[in-house]
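Residue 1 is where the sequence shown starts when you use full-length UniProt numbering, and the numbers rise one by one after that.
A short write-up of the structure that comes next.
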Amino acid sequence: MTQWTVHGTRRIYESEWMSVDLDDVEIPDGERFEHHVVRLPHPSTGVVVVDDDNVLLMWRHRFTTGTWGWEIPAGRCEANETVEAAAVRETEEETGYRVRVEPLITVNPLNGISSHTTHIFVGTGATKIGEPDPAEAAKVEWVPLSEIPAFIRKGLIPCGITLAALTTYLTLRTAGSEPPSGPHRAG
Numbered sequence: 001m002t003q004w005t006v007h008g009t010r011r012i013y014e015s016e017w018m019s020v021d022l023d024d025v026e027i028p029d030g031e032r033f034e035h036h037v038v039r040l041p042h043p044s045t046g047v048v049v050v051d052d053d054n055v056l057l058m059w060r061h062r063f064t065t066g067t068w069g070w071e072i073p074a075g076r077c078e079a080n081e082t083v084e085a086a087a088v089r090e091t092e093e094e095t096g097y098r099v100r101v102e103p104l105i106t107v108n109p110l111n112g113i114s115s116h117t118t119h120i121f122v123g124t125g126a127t128k129i130g131e132p133d134p135a136e137a138a139k140v141e142w143v144p145l146s147e148i149p150a151f152i153r154k155g156l157i158p159c160g161i162t163l164a165a166l167t168t169y170l171t172l173r174t175a176g177s178e179p180p181s182g183p184h185r186a187g
């Protein structure tokens, strides 16, 4: 087996949101060096909210990359919160819709430098209960799932979590391994 060995960890930065460590690692050929690792104290969630052939997306700006793009509702779990509860809460806060959630996939978006995990759910039964948080998105829209491949090709979905979630959902749907779709949303 070609597995790296961790001999120790030295924390170089820590906040309530994240820590950055230097791990003393040894690769299979015997070379040893320090490797940066970003660790987050809580997992994140994302939700592919669907209604028939539509998906609920948010158009938002990310200052970190200087880009605009479509994203699914997503966010981190709070302390002592289940990933399911966080998924429902984040969807409600960011879009104004309450949903039921079922697991879709779990991903490690930057597994070469981070231990962080994101749990992706499918949200169904969307019921509008309020307005979205204007700090989260410029607009929230129902987009036909048939438009998602063109959005991806045009670079309109730059978020890796959103790409993983939507392509997984569409792949399972196309392959006949139907992901959850649930009843129609109430308006």
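We put the CB at the ideal spot given by N, CA and C, even for glycine.
Going straight from the alpha carbon of residue i to that of residue j, what length do you get?
i	j	result
G160	E71	9 Å
I157	G96	21 Å
G30	W4	9 Å
R32	L110	22 Å
I105	S114	18 Å
H116	H35	16 Å
P103	G123	9 Å
S15	L40	9 Å
E94	W68	16 Å
T9	T45	27 Å
T167	A86	22 Å
C77	P43	6 Å
CB residue i to CB residue j, shorter than 8 Å?
i	j	result
V38	D24	no
E131	M58	no
F121	V47	yes
D21	I27	no
A126	L56	yes
A74	E90	yes
E92	R98	yes
N54	V140	no
Between residue i and residue j, how many whole angstroms is the CB-CB distance? I'm expecting something under 8 Å.
i	j	result
V88	H119	At roughly 12 Å, the Cβ-Cβ gap does not stay under 8 Å, so V88 and H119 are not in contact.
R60	A138	6 Å
L170	I148	6 Å
Hey, could you find the ends of the beta strand (DSSP E) residue i is sitting in?
i	result
A74	74-76
M58	54-62
W70	67-71
L22	19-26
S15	Premise fails: S15 is in no beta strand (DSSP E) and is neither H nor E.
residue 190	Here the chain covers residues 1 to 187 and nothing more, so residue 190 does not appear.
E34	32-39
Would you mind reading off the limits of the alpha helix (DSSP H) that contains residue i?
i	result
T95	83-95
### Query
What runs of the beta strand (DSSP E), each 3 residues or longer, lie entirely inside the segment 100-165?
118-128, 139-144
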